[in-house]
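Here the protein sequences come in this chain order: A and B.
Here the numbering used here is used: the first residue of the first sequence is 0, the next is one more, and so on.
Here the numbering used here is used: the first residue of the second sequence is 0, the next is one more, and so on.
By construction, the Cβ of each residue, glycine as well, lies at the ideal position given by its N, Cα and C atoms.
There are 2 protein chains.
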Amino acid sequence: MDTKTKLISTAEHLFDRHGFTATGMDRLTQAASMSSRTLYKHAGSKTSLIADVLSGRHLRFQQSIEVDSVDALFGALEKWVQTEGCRGCLFLRAYGETGGDTPDIAKAVFTHKASLYEKIQKIVSIETHGKSNSELAEQVLILFEGATSAAIYRGAEAIRSAQTAASVLIQQARL
Amino acid sequence: MDTKTKLISTAEHLFDRHGFTATGMDRLTQAASMSSRTLYKHAGSKTSLIADVLSGRHLRFQQSIEVDSVDALFGALEKWVQTEGCRGCLFLRAYGETGGDTPDIAKAVFTHKASLYEKIQKIVSIETHGKSNSELAEQVLILFEGATSAAIYRGAEAIRSAQTAASVLIQQARL
DNA sequence: GACGATGTAAAATGATCGTTTTACACTCCA
DNA sequence: TGGAGTGTAAAACGATCATTTTACATCGTC
Numbered sequence: 000m001d002t003k004t005k006l007i008s009t010a011e012h013l014f015d016r017h018g019f020t021a022t023g024m025d026r027l028t029q030a031a032s033m034s035s036r037t038l039y040k041h042a043g044s045k046t047s048l049i050a051d052v053l054s055g056r057h058l059r060f061q062q063s064i065e066v067d068s069v070d071a072l073f074g075a076l077e078k079w080v081q082t083e084g085c086r087g088c089l090f091l092r093a094y095g096e097t098g099g100d101t102p103d104i105a106k107a108v109f110t111h112k113a114s115l116y117e118k119i120q121k122i123v124s125i126e127t128h129g130k131s132n133s134e135l136a137e138q139v140l141i142l143f144e145g146a147t148s149a150a151i152y153r154g155a156e157a158i159r160s161a162q163t164a165a166s167v168l169i170q171q172a173r174l
Numbered sequence: 000m001d002t003k004t005k006l007i008s009t010a011e012h013l014f015d016r017h018g019f020t021a022t023g024m025d026r027l028t029q030a031a032s033m034s035s036r037t038l039y040k041h042a043g044s045k046t047s048l049i050a051d052v053l054s055g056r057h058l059r060f061q062q063s064i065e066v067d068s069v070d071a072l073f074g075a076l077e078k079w080v081q082t083e084g085c086r087g088c089l090f091l092r093a094y095g096e097t098g099g100d101t102p103d104i105a106k107a108v109f110t111h112k113a114s115l116y117e118k119i120q121k122i123v124s125i126e127t128h129g130k131s132n133s134e135l136a137e138q139v140l141i142l143f144e145g146a147t148s149a150a151i152y153r154g155a156e157a158i159r160s161a162q163t164a165a166s167v168l169i170q171q172a173r174l
């Protein structure tokens, strides 16, 4: 695996497991088995490493939710949680840890959330045959967000509950 | 205001605004305008200070959701966000920052979430006249959790969307 | 066969971390 | 009146922080 890829995927794992601030660069160099000189040549700084981790995760997440139904959307989330673990949304966690004061990180978070909302809008619009208002998309977004959070302490079952709740809302909107 | 109260409320504000790990004890002593000697006499350690902040917040939050309808529950959340700001659930943020590895903190988080779920179960059971299954309570919990997260980037409007979604689900269950 | 790129190991940078210590001032109650 | 309790200011603790530097090894390529 190429050096920068290894660095970013190692960083993503450590940030997700232990938190962004709590993960020191020493631990990172050790886990990625590279010198700090190499790390800084590729990463630039810790802040830009976090931003790189987030934009990489954004792409991977986008691919994982390339679906065209609300049911499949929550199915994709369940699959994501199975392979990536459930420790809450890494974007919101990055936002919280930095207080939203780091522009590069805040931008990555808002970009990600905007694209998630857009994706859900498209899916909902298809499923309701254009009968939906924009509130319905927000409600599905909230169920998605809530399932991500609740899965931390209630497990994957929470995602299935959100899935059926979403289909009830969609059904209701179709009438 | 009594010293320990001032310490804990100052700590809660800084932790919420800047994150737990990123908030140093120096900044805390300065903000609470007390010496580090006094701070450590009352707090013991940073970890136990975080635990104290969380248990204090838990009590205050519990009081704020002393309601008996799902509609009022989301109304209470909207009010909470207005007065306390919306930076996501402080409990889940504490859990994420510590990786769940600090027993006192993890316990405070799970206790809080278990009590939230219980409260929702009671409300839902009343509103559905006992007709509800346990999945419905989980769905309302997910909407509550999702509204808390989504409000970070979509504002208080998200809470009202969750509110109407919850009432639709309740209505459906009553049939 | 010299060169630029890419890597390593390891020490040093100055700042900041959480925590403890030393030394001193005030108040309240016996 | 004197001692326990509660506070302050400020320095010191060793550890760790993100980052840079020095010195050296290994490449493929012209």
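Do Gly145/A and Arg182/A count as a contact pair if the criterion is CB distance below 9 Å? Outside the displayed span of chain A (0 to 174) sits residue 182/A, for which this structure offers no information.
Pick helix, strand or coil for Gly95/A, following the three-state DSSP scheme. helix
Please tell me whether Ile122/B and Val66/B are closer than 9 Å, where the distance is taken between their beta carbons. yes
Under three-state DSSP, which class holds His128/A? coil
Leu13/B to Leu48/B span [Cα, whole Å]: 12 Å
In chain order, what residues of the segment 79-108 of chain A put their CB closer than 9 Å to some CB of chain B? Arg86, Gly87, Cys88, Leu89, Leu91, Arg92, Tyr94, Gly95, Glu96, Thr97, Gly98, Gly99, Asp100 and Val108
I'd like the ranges of any alpha helix (DSSP H) spanning at least 4 consecutive residues and lying wholly in the segment 56-101 of chain A. 69-83 and 89-97
Under the assumption that Met33/B contacts Thr2/B (Cβ atoms under 8 Å), give the Cβ distance between them as a whole number of angstroms. 7 Å
Run through DSSP, which three-state label would Met24/B get? helix
Could you tell me whether the Cβ of Glu134/B comes closer than 9 Å to any Cβ of chain A? yes
Suppose you measure from the CA of Lys112/A to the CA of Tyr152/B; what does that come to, to the nearest Å? 8 Å
Assuming Ile119/A contacts Ala136/A (C-beta within less than 8 Å), just tell me the rounded distance between them. 5 Å
Please confirm if the segment 78-87 of chain A is in contact with the segment 160-169 of chain A, defined as three or more CB-CB distances below 8 Å between the two stretches. no
Three-state secondary structure assigned by DSSP to Ala157/B: helix
Span separating the alpha-carbon of His57/A from that of Ile158/A: 20 Å
Below-9 Å beta-carbon distance, Lys112/B vs any chain A residue: yes
Out of Gln138/A, Leu27/A and Glu11/A, which one is the CA nearest neighbour of Val52/A? Glu11/A
So, helix, strand or coil for Gly18/B, using DSSP? coil
Say whether the segment 93-100 of chain B touches the segment 23-32 of chain B, bearing in mind that this needs 3 or more beta-carbon pairs closer than 8 Å, one atom from each stretch. no
Taking only beta carbons into account, state which residues of the segment 24-49 of chain A come closer than 7 Å to chain B, listed in chain order. none
Applying a beta-carbon distance threshold of less than 8 Å, which residues of chain B neighbour Gly18/A? Thr20, Gly95, Glu96, Thr97 and Gly98
At a Cβ cut of 8 Å, what residues of the segment 138-162 of chain A count as close to chain B, listed as they run along the chain? Gln138, Leu140, Ile141, Leu142, Phe143, Glu144, Gly145, Ala146, Thr147, Ser148, Ala149, Ile151, Tyr152, Arg153, Glu156, Ala157, Ser160 and Ala161
Going by CA-CA distance only, name the one from Glu117/A, Asn132/A, Leu6/A and Ala105/A that's closest to Gly43/A. Leu6/A
My guess is that Phe73/A and Ala161/A are in contact by the Cβ rule of under 8 Å, so how many angstroms apart are they, rounded? 6 Å
Any beta carbon from chain A within less than 9 Å of Val66/B's own beta carbon? no
Step through the CB atoms of chain B and report whether any lies within less than 9 Å of the CB of Val167/A. yes
Best match in Met0/B, Gly84/B, Tyr39/B and Arg173/B for proximity to Gly129/B [C-alpha to C-alpha]: Arg173/B
Reduced DSSP category for Ser34/A - H, G, I as helix; E, B as strand; rest coil: coil
Give me the chain A residues within the contact set of Ala71/B, using Cβ-Cβ distance strictly less than 7 Å, ordered along the chain. Result: empty, since nearest Cβ-Cβ is about 18 Å, beyond 7 Å.
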